[in-house]
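As they're listed, the protein sequences go chains A and B.
Add 41 to the 1-based position in the first sequence for this note's numbering, that's all there is to it.
Add 21 to the 1-based position in the second sequence for this note's numbering, that's all there is to it.
Note that beta-carbon positions come from the ideal geometry of N, C-alpha and C, so glycine has one too.
As structure tokens, the structure follows; a few thoughts come after it.
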Amino acid sequence: MKNSKKKTSIGNILRMTLLYILTIGFIFPFYWVITGGFKQQEVTVQLPPQWFPIHPTIENYRKLFYNPALTWFFNSVLIALGTMILVCVVSTMAGYVLAKKKFYGRELIFAILVAAMALPKQVILVPLVRLISSWGFHNTLSAVILPAVGWPFGVFLMKQFNETLPTEILEAAKIDGSSELKTFILIVVPMVKPGIAALAIFTFIGAWNDYFMQLIMLNSKLKLTLPLGVATMQQEFATNYGVLMAGATFAAVPILIVFIAFQKYFTQGITMGAVKG
Amino acid sequence: MDNNSLKAQGNLIMPPLKDARFRRWRTMPKDIHETIVAGVFLLPAICFFAVFVVYPIIVSIFTSFFNYSINRFEFLGFGNYINLFKDEVFLKSMKNTIVLVIGVVPFIILFSIFVALTIYQKSSLVCSFFRGVFYLPVVTGTVSVIVVWKWIFDPLSGILNWFLETLGMINQPIMWLGDKHYALWSILLVLFTTSIGQPIVLYIAALSNLDKSHIEAAEIDGATNWQVFKYIKWPCIMPTTLYVVVITIINSFQCFSLIQLLTSGGPNYHTSTVMYLVYETAFKLTQFGYANAMGVILAVVIGFFSILQFKFFSNKVEY
Numbered sequence: 042m043k044n045s046k047k048k049t050s051i052g053n054i055l056r057m058t059l060l061y062i063l064t065i066g067f068i069f070p071f072y073w074v075i076t077g078g079f080k081q082q083e084v085t086v087q088l089p090p091q092w093f094p095i096h097p098t099i100e101n102y103r104k105l106f107y108n109p110a111l112t113w114f115f116n117s118v119l120i121a122l123g124t125m126i127l128v129c130v131v132s133t134m135a136g137y138v139l140a141k142k143k144f145y146g147r148e149l150i151f152a153i154l155v156a157a158m159a160l161p162k163q164v165i166l167v168p169l170v171r172l173i174s175s176w177g178f179h180n181t182l183s184a185v186i187l188p189a190v191g192w193p194f195g196v197f198l199m200k201q202f203n204e205t206l207p208t209e210i211l212e213a214a215k216i217d218g219s220s221e222l223k224t225f226i227l228i229v230v231p232m233v234k235p236g237i238a239a240l241a242i243f244t245f246i247g248a249w250n251d252y253f254m255q256l257i258m259l260n261s262k263l264k265l266t267l268p269l270g271v272a273t274m275q276q277e278f279a280t281n282y283g284v285l286m287a288g289a290t291f292a293a294v295p296i297l298i299v300f301i302a303f304q305k306y307f308t309q310g311i312t313m314g315a316v317k318g
Numbered sequence: 022m023d024n025n026s027l028k029a030q031g032n033l034i035m036p037p038l039k040d041a042r043f044r045r046w047r048t049m050p051k052d053i054h055e056t057i058v059a060g061v062f063l064l065p066a067i068c069f070f071a072v073f074v075v076y077p078i079i080v081s082i083f084t085s086f087f088n089y090s091i092n093r094f095e096f097l098g099f100g101n102y103i104n105l106f107k108d109e110v111f112l113k114s115m116k117n118t119i120v121l122v123i124g125v126v127p128f129i130i131l132f133s134i135f136v137a138l139t140i141y142q143k144s145s146l147v148c149s150f151f152r153g154v155f156y157l158p159v160v161t162g163t164v165s166v167i168v169v170w171k172w173i174f175d176p177l178s179g180i181l182n183w184f185l186e187t188l189g190m191i192n193q194p195i196m197w198l199g200d201k202h203y204a205l206w207s208i209l210l211v212l213f214t215t216s217i218g219q220p221i222v223l224y225i226a227a228l229s230n231l232d233k234s235h236i237e238a239a240e241i242d243g244a245t246n247w248q249v250f251k252y253i254k255w256p257c258i259m260p261t262t263l264y265v266v267v268i269t270i271i272n273s274f275q276c277f278s279l280i281q282l283l284t285s286g287g288p289n290y291h292t293s294t295v296m297y298l299v300y301e302t303a304f305k306l307t308q309f310g311y312a313n314a315m316g317v318i319l320a321v322v323i324g325f326f327s328i329l330q331f332k333f334f335s336n337k338v339e340y
């Protein structure tokens, strides 16, 4: 008995050591990007690496903002916010009726939406770009926002969440003569708020980081998003890691703050999308 | 046997399906009202879905039968598909994609279960901390992650070569991303770090929902940690494992931005994936029809795995 206890604790030490090594492996790149943004160009490529910027400089950030990084930032914010709001409104409405109304074709509509979720976005890319161009939307923020709203994940998530609502309350509201719209806005929406929060944060981060869509839809320098802008800087600055890391930091920190602030809802979104998936 | 007993239980709670159908039929006017209301609420979602998903799919499939580029539109029948399977670059990309998928999935499962097991019983603050750490690469986005990895892999000023040289494991710098022997494995490593966040979250959720009494009973009976894991935890988290396997396969099949940012498919298409090739064929070579045919094949492969996923989970769904 004593022996096995001892064995476990050695096992535990090993496990924790491995966990810490992994943790450092995951935090290090992030640490490196943040500190690297303050290093002089020749320091960033120095070997052995300078683990901390001894002579910090803001030169990299000056170069970064000389590129229209601030414009890119606002583009990213607008895209993420726009997508988030539209997705939340559209999905909450659809999710509610798919979960709570018995109507003709419900199963069919839901099955089609679920089937489409598995589709790789790249399959539809050529027609999508042509469609957007034919509307004159190419290289505008709408070109990134609108297709993202068509993606049915949000509807699926909100349907799952709406199923947890007690039907009795909805029926009581109906008996009391509440109209459908009133029931939805005054009863359903407040009750599914946690679900909306999960979807909102999920969509926001997803839209911010949807590099692929941004890449194929945006091309003029003033219309780029922050991640896309940093990616194009990679070509321009090649191995000028200082500027690139400043850019990477500027692209990552806002979204990281959002993530930390709403982590609870975010993890809820991931697990909710999986349960019964 | 099991299924029947489940069904019997279901009948106790809910009336059999037949009755429900009958009731619905009897109260048809109410149903029509419901259908109209539902239609209004669904309208925005369906419009967006039809315009930005359904229409492009149909066009995509349709044009995949054409020799379709900027100034051409000729019917080819299955020509594009036949050419694809003779196209060395496409076959190479398919092979790379499969190598990535098969390579990354076991590591994701192994490490995410390990991390989840190690932290799921810790206090919620500690748990959130680690969960956040492993989610970092997902949250900060591929582009930011790539900037560091480019430097790590840099043959002259990168940390990886420096580290290995200091340890005396290599004598000359390795071109991690430029050498066909290493490039795909380097991509695999980055893919691993950017894919592990979600599985960890899912495993933590699954493990926290386990019935603790079984585990405690087993521990009192003197079961070792390994036995508890093998006979109790592992079978209980099997549905999560299946789900993780499928989503990891699907996500890895779609691996694009890593490739585009790190190697652009090079050297000589040794790291090109099908997804990357679709992009290149459509936007660099402007062979739209050919790209669409590739996309359709990829969709079929991914669709197959998705059906598997829903098969696994339909057993658990209770509507």
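In the displayed model, phenylalanine 67/A falls within a helix according to three-state DSSP. Here tyrosine 107/A is exposed: its Cβ has fewer than 16 other Cβ atoms, across all protein chains shown, within 10 Å. The Cβ of valine 74/A sits closer than 8 Å to at least one Cβ of chain B. At a cut-off of 8 Å between beta carbons, phenylalanine 111/B makes no contact with chain A. Remark: fewer than three beta-carbon pairs, one from each stretch, lie closer than 8 Å, so the region 131-151 of chain A and the region 74-90 of chain B are not flagged as touching. Of the candidates Ser327/B, Ala320/B, Ile328/B, Ala238/B, Ala320/B places its Cα closest to the Cα of methionine 115/B.
Remark: C-beta atoms of valine 229/A and methionine 199/A do not approach each other more closely than 8 Å. Residues of the region 217-230 of chain A that bring their beta carbon within less than 7 Å of a beta carbon in chain B comprise Glu221, in sequence order. Per DSSP, reduced to three states, the secondary structure at tyrosine 145/A is coil, with no helix or strand assignment.
Residues of chain B whose Cβ lies closer than 9 Å to the Cβ of leucine 60/A are, in chain order, Phe135, Val136, Thr139, Ile140, Phe151. Closest by C-alpha distance to leucine 223/B, out of Leu198/B, Thr269/B, Trp197/B, is Thr269/B.
Ranked by Cα distance from proline 268/A, the options Ser165/B, Cys257/B, Val299/B are led by Ser165/B. Using a C-beta cut-off of 8 Å, the region 213-223 of chain B makes contact with the region 150-164 of chain B, since at least three inter-stretch Cβ pairs fall below that distance. For threonine 312/A, the nearest CB of chain B lies under 8 Å from its own CB, placing it at the interface with that chain. Tyrosine 107/A sits in a helix when the DSSP states are folded into three classes.
By the 16-neighbour rule on beta-carbons within 10 angstroms, tryptophan 249/A is buried.
Per DSSP, reduced to three states, the secondary structure at phenylalanine 304/B is helical.
Contact between leucine 329/B and valine 267/B is confirmed by a C-beta separation of about 6 Å, below the 8 Å threshold. A straight-line Cα-Cα distance of about 23 Å links tryptophan 92/A and glutamine 193/B.
For isoleucine 95/A, no CB of chain B lies under 8 Å from its own CB, so it is not counted at the interface with that chain.
Cβ-Cβ distances below 6 Å link alanine 239/A to Tyr306, Gln309, Gly310 in the same chain, with the five nearest sequence neighbours on each side left out; the list follows chain order. Contact with chain A is found for valine 164/B, since one of that chain's Cβ atoms lies less than 8 Å from the residue's Cβ. Judged by DSSP secondary structure, serine 90/B falls within the beta strand (DSSP E) whose first and last residues are 87-90. Residue contact with chain A for alanine 320/B: present (Cβ-Cβ distance below 8 Å to some residue of chain A).
Taking all protein chains shown into account, leucine 112/B has fewer than 16 neighbouring C-beta atoms within 10 Å of its C-beta and is therefore exposed. With respect to chain B, the C-beta atom of glutamine 163/A has a partner C-beta closer than 8 Å. Per DSSP, glutamate 204/A lies in no beta strand (DSSP E) segment and is marked neither H nor E. C-alpha of alanine 184/A to C-alpha of threonine 118/B: approximately 29 Å in a straight line. If you compare the alpha carbons of Thr163/B, Pro260/B, Ile323/B, Thr261/B with that of glutamine 281/B, the shortest gap goes to Thr163/B.
Of the residues Ser178/B, Ala238/B, Val295/B, Gly324/B, the one whose Cα lies closest to the Cα of phenylalanine 277/B is Val295/B. Of all C-beta pairs linking the region 168-185 of chain A to the region 257-275 of chain A, three or more are shorter than 8 Å, placing the two stretches in contact. Beyond the five residues adjoining it in sequence on each side, leucine 279/B comes within less than 8 Å, by CB distance, of Thr163, Ile167, Ile208, Val211, Leu212, Thr215 in the same chain, given in chain order. Non-local beta-carbon contacts of leucine 177/B in its own chain, meaning distances under 7 Å to residues more than five positions away in sequence, involve Pro194 in chain order.
Residues of the region 292-305 of chain A with a C-beta atom less than 9 Å from some C-beta of chain B are Ala292, Ala293, Val294, Ile296, Leu297, Val299, Phe300, Ile301, Gln304, Lys305, listed in chain order. From the listed residues Gln81/A, Pro90/A, Ala289/A, the smallest Cα separation to proline 97/A is found for Gln81/A. Counting the other Cβ atoms within 10 Å of the Cβ of cysteine 129/A gives 16 or more, which makes it buried.
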